[in-house]
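The block underneath contains the structure these notes are about, expressed in C-alpha cells.
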Amino acid sequence: MKANYHTHSTWCDGAAGVEEMILGALEKGFTTIGFSSHAMLPGDPYDWTLTTDTIAAYAEEVRTLAKKYADDIRVLCGVEADYIPNLCTPDRRIYAPIAPDYLIGSVHYVLAPDGARACVDKSPESFARDVRDHFGGQVETFVRAYFAAQREMASSFDFDVIGHPDLIRKFNGRLGYLDETVPWYREELERTADAFAASGKIVEVNTGAISRGWMEDAYPSADFRFLLRARGVRFILSSDAHSAPALDCAFDRFADAETYVHLCQ
Ligand SMILES: [Zn+2]
Ligand SMILES: [Zn+2]
1 MKANYHTHST
11 WCDGAAGVEE
21 MILGALEKGF
31 TTIGFSSHAM
41 LPGDPYDWTL
51 TTDTIAAYAE
61 EVRTLAKKYA
71 DDIRVLCGVE
81 ADYIPNLCTP
91 DRRIYAPIAP
101 DYLIGSVHYV
111 LAPDGARACV
121 DKSPESFARD
131 VRDHFGGQVE
141 TFVRAYFAAQ
151 REMASSFDFD
161 VIGHPDLIRK
171 FNGRLGYLDE
181 TVPWYREELE
191 RTADAFAASG
201 KIVEVNTGAI
211 SRGWMEDAYP
221 SADFRFLLRA
231 RGVRFILSSD
241 AHSAPALDCA
251 FDRFADAETY
261 VHLCQ
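In case it helps, the working numbering puts the sequence shown at residues 1 to 265.
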C-alpha cells in the first residue's frame, strides 16, 4: 500500500491544485493520498495557510474529489495544525466543523525568552538572526525550547500525527549549528521520545527536506527513530509534498527503514 498523508496544495503554500496532486499520486501508483493543508493561524489571513474563510471550501473540494476518484484512490482530508504556545493548538475540537480524517500537529514556531516568535524553518538567514537576537546567541536555548514545545504539544492536545519532529535540524547542513552527538541533544531526544510514546501518537518519517534540497535525511534522524522505535512509537512515511513530483520523494530510501502504519483504516 503506497500512501502519503502529508500533502500541501494551492489552498496553502503548495504549487499544485488538489486534483493535480491526486492525478500525480495516481500516476505514481499511490493507493491513498491525504491532504494536510496548513491550518489557519490567529490574526489570519496568511498567504501560506488556510484561513477561517477558506477552510470549509478546502474540505469541500477534497471531499468532492475523493468521491470523483473513489474507484481509483483513497483521498483523505486532513490538516497540518500549528502548536504555538498561548496562540494556537492542534486540537480536534477546533477543526470539528470540517470533521477532518486526521490532524498533523507541527511546531514551526518557538517562543523565545523575550516573547518573540522564532520560525524554525523559514530560512538559514532568519534562523541565524533569531538565535542572535532572541536566544542570546545560544543555539542550545533555541533547540531546547523547540523540543519542549514538541513535548507539550504531544501530551496536551487531541490530534493524530506528530509532524517532522526534529525540524530544528533543517538548516544544520548549511549552517552547522548543531552537533547531534552532544549529551544535551541526546537528552532532549530521549525526553521527547518518552513524551511521544506516552502520548500514543503516531510520528511521521518526513522526507520533505530532501525534496527541497536542505538535507539528505528525513525527519526524524536515524538516532531519534531508534529511540522512538525502542519505545514502541508507530510511524507513517510522508513526503510533505508541495508539488506532484515530490509526492514520493526518497520513499525508496525510507520504505524499509521502519514498519509503517496507515491512517483511517
Ligand atoms: Zn510543517
Ligand atoms: Zn507540511
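Cβ atoms here follow ideal geometry from the backbone N, Cα and C, with glycine treated the same way. Just so you know, these numbers come straight off a predicted model, no measurement behind them.
Taken atom to atom, the span from the alpha-carbon of residue 135 to that of residue 109 is near 14 angstroms. Look at the beta carbons and you see the stretch 242–255 touching the stretch 201–217: at least three pairs across the two are nearer than 8 angstroms. Residue 225 sits away from residue 190, with the two beta carbons spaced by 8 angstroms or more. Here residue 46 carries a coil assignment [DSSP, helix/strand/coil]. With a cut-off of 8 angstroms on Cβ pairs, the stretch 68–76 is not in contact with the stretch 135–144, counting fewer than three such pairs. Placement of the Cβ of residue 108 at a distance of less than 7 angstroms from at least one heavy atom of ligand 1 is found. Beta-bridge pairing by DSSP links residue 110 to 118.
Between ligand 2 and the CB of residue 240, the shortest heavy atom gap is smaller than 7 angstroms. Residue pairing for residue 76: DSSP places it in a beta bridge opposite 34.
DSSP places residue 261 in the coil class of the three-state scheme, outside both helix and strand. Cβ contact annotation for residue 116 (same chain, cutoff 8 angstroms, sequence separation greater than five): 130, 133 and 134, in chain order.
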